[in-house]
Structure formats: C-alpha cells, structure tokens
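Residue numbers 2 to 285, in my numbering, belong to the letters of the sequence shown in order.
The beta carbon of each residue, even a glycine, is placed where N, CA and C say it ideally should be.
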Amino acid sequence: MIYLNGEFMPIETAVIPVLDRGFIFGDGVYEVIPVYSRQPFRLGEHLSRLQTSLDSIRLNNPRTDAEWRTLINRIVELNETEDQSIYLQVTRGVAKRDHAFPKSVKPTVFIMSSPLLPPTADQLHTGVAAITAVDNRWLRCDVKSTALLPNVLLRQLAADAGCAETLLLRDGMLTEGAASNVFVVNQGVLLAPPKSNLMLPGITYEVVLELAQANDVPFDVRNISESELLGAEEIWITSSSREILPVTTLNGVAVGSGRPGPVFRRMRELYQDHKAQDMKAARG
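Listed below in structure tokens is the structure:
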C-alpha cells in the first residue's frame, strides 16, 4: 500500500501524469527513512533534511511535520513487514513542459514502503568491495534531489565491477559514495569528510559522529585525500539502509588487514545499542 496525493492505494493502481515535473525534469526531492519494529528511526532528522532540500529547490513544503508523521506511520501500519524502508518523494507537480517554475501548481506527494534489507551477516563479517571514480556530479550534492542520473551511472560502475559501491573523488579529495557517505580510519582515528555542497549530509553519518564523540572514539572531520583513502586502515560506507558497512577491498586491493577492523566493530556495537535505545524511547 502506498500514499499518492491524498489517497492510500495498492501500488499497482497508482498513476502519475506524464507531465509531472518529477518525470519530465527530475524536479523534486526525496527521503528514505528506515523503520525498525514499526518505529521510524530518526524521523525528526529526516523531516528536517526534507525541509532543507525543499527550501533549496524553492518548493513549499506541502505538509506539516505532524502531517508527515501521521502519513508515514499510516503507511507503516498498512504494510506487513516489521522492518521497512519508507520512500517519500515530493515533486513540483503537473504542468506544461517549460523549464521555468509553473504558477499555482499543486505538488505531487508520494510515499511507499519496501522491506528494509540491512547488511547480511556475511557482509558484516567479511566486508564488501568498492572502487573509486571521479566525482563528476553537479555542485549541489547536498540537495536530496530525484535527479540522480550521475549517481546511477557511478553506482553502475561498481555493479559492473562486482562491487558494492563507488567511492567518489573530486580534485583529489574524498566526497562520498554514489549512494552512501564514507568514513576512513587512519592511525586509529576515525576521519569523515566535512559537510559541504559536494556531499549529502547523511543521517547515519551524523549518528556515527555523535556516537564517536559520546564514547571517546578519536575522530576528526576534515578533507581526506585520495592517498589517505587508498592507504586507509579501515573504510566504511554508511546510509539509512546499509547502516554501517565495512569496505575491505578497494580497487582490487585489500584495505588494511582485508577484514573489518576494530574501530568498525566497536562502532557497529555502539550503533546497534543506540538504535535499540531509540526504538525503546519511541515506543514509550
């Protein structure tokens, strides 16, 4: 069951006009919200990021935070899986094809649920492979835009190579993954690229830094060079669906020992504990 423009319906019956600007121009934004045991995780932060994206493309938010919460909780109720991935999308709406913003057009609002598939036990035990590529996307990667063709092409490079992700470099510096944020561990210190217009500030990215600060894990938020990435002791990718996932092979070469490292193992434990506490608090 999905939500589309005021109605709940089976996804098979949902229809969007071909002149929707999301279809014609990719003129819209989205969020992906993980749900554990039917409780949305960090929903407030996701709604805040949605507002930032909407503001960035000059599109008024069609719902209040309270209305979003009600809709998301209803979608969770209408779908059977305990752990879900909620996809929420807002486009500028339906209008004749013209690049300039149309006037007096109602935004298209779409919400759907998919089963949440976190990393497998094997992936957490052995890690995954990744490659690097030049970050050739636009200069507003901080906007969670539906116009994701550059990310799709970069992620396909990883798929073609049998890898889980493509790690992106711009002017010799690490930005993020094609569909993830990236952390590096060097000399026992957790390193994260700073937030900027060149990367999407991930909710899991923020959680990792919060947990590092609260639990005396040495960390630094700064630019990370290509040589530091290639010589890293540990590399992780993070996202709402992948949580924290270790990269143990990069460009066909082992990362550190070639196994998930001790800083990852500690952060994974901290993250799981935090998630459990958050879910307990949400249930009251």
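What does a CB cutoff of less than 8 Å around Leu55 pick up in its chain, not counting 5 residues either side in sequence?
-> Val30, Asn61, Asn62, Val91
At a cut of 8 Å, does the segment 103-117 reach the segment 9-24 through at least three beta carbon pairs?
-> yes
CB contact flag (Ile87, Val33, <9 Å) | yes
Tell me which same chain residues have a C-beta within less than 7 Å of the C-beta of Pro11, skipping the five on either side of it?
-> Met2
Name the two residues that bound the continuous alpha helix (DSSP H) containing Ala159.
-> Taken as a continuous stretch (DSSP letters only), the alpha helix (DSSP H) holding Ala159 covers 150-161.
Please check the pair Gly128 and Pro261, which I expect to be a contact at CB under 8 Å, by giving their CB distance rounded to whole angstroms.
-> 5 Å
Alpha carbon of Ala193 to alpha carbon of Arg223, nearest angstrom = If you draw a straight line from the Cα of Ala193 to the Cα of Arg223, it comes to about 6 Å.
Identified DSSP bridge partners for Gln85 | Val36, Pro116
By how many angstroms is the C-alpha of Cys164 removed from the C-alpha of Ile132?
-> 7 Å
Taking the CB atoms as reference points, tell me whether Asp66 and Leu48 lie closer together than 9 Å.
-> yes
In whole angstroms, what separates the C-alpha of Leu20 from that of Phe102?
-> In a straight line, the C-alpha of Leu20 is about 13 Å away from that of Phe102.
Out of Phe26, Gly189, Leu44, which has the shortest C-alpha to C-alpha gap to Lys276?
-> Leu44
Buried or exposed for Thr121, please, with buried defined as at least 16 other CB atoms from any protein chain shown within 10 angstroms of its CB.
-> Exposed, by the Cβ-count rule.
Determine contact between the segment 241-251 and the segment 194-213, defined as no fewer than three beta-carbon pairs at a distance below 8 Å.
-> Yes, they touch.
My guess is that Ala257 and Glu229 are in contact by the Cβ rule of under 8 Å, so how many angstroms apart are they, rounded?
-> The amino acid occupying residue 257 in the given sequence is Gly; Ala does not appear at that position. Actually they are not in contact, since the Cβ atoms of Gly257 and Glu229 sit about 13 Å apart, beyond 8 Å.
Using the rule of at least 16 other Cβ atoms within 10 Å of the residue's Cβ for burial, across every protein chain shown, is Lys107 buried or exposed?
-> exposed
According to the neighbour-count rule (16 or more other Cβ atoms, all chains shown, within 10 Å of its Cβ), is Gln85 buried or exposed?
-> buried
Using only alpha-carbon positions, find the residue among Lys145, Val153, Glu83, His126 that is nearest to Ala134.
-> When only C-alpha atoms are compared, the closest one is Val153.
Alpha carbon to alpha carbon, what distance is there between Glu227 and Thr71?
-> 44 Å
Runs of beta strand (DSSP E) lying entirely within the segment 176-228, each at least 3 residues, in chain order | 182-187, 190-193, 220-222
Residues of its chain near Asp221, where Cβ-Cβ distance is below 7 Å and the 5 sequence neighbours each way are ignored | Excluding residues up to 5 positions away in sequence, Val190, Leu192 lie with their Cβ nearer than 7 Å to the Cβ of Asp221 in the same chain.
According to DSSP, which residues form a beta bridge with Phe111?
-> Leu5, Gln90
Looking only at its own chain, which residues have a Cβ that is under 6 Å from the Cβ of Ile25, when we skip the five neighbours before and after it?
-> Arg98
Would you mind giving the Cβ-Cβ distance between Thr147 and Ala159, rounded to the nearest angstrom? I have them listed as a contact below 8 Å.
-> Wrong, their Cβ atoms sit about 21 Å apart, outside the cutoff.
Provide the residue span of the alpha helix (DSSP H) that contains Leu51, from first to last.
-> 44-57
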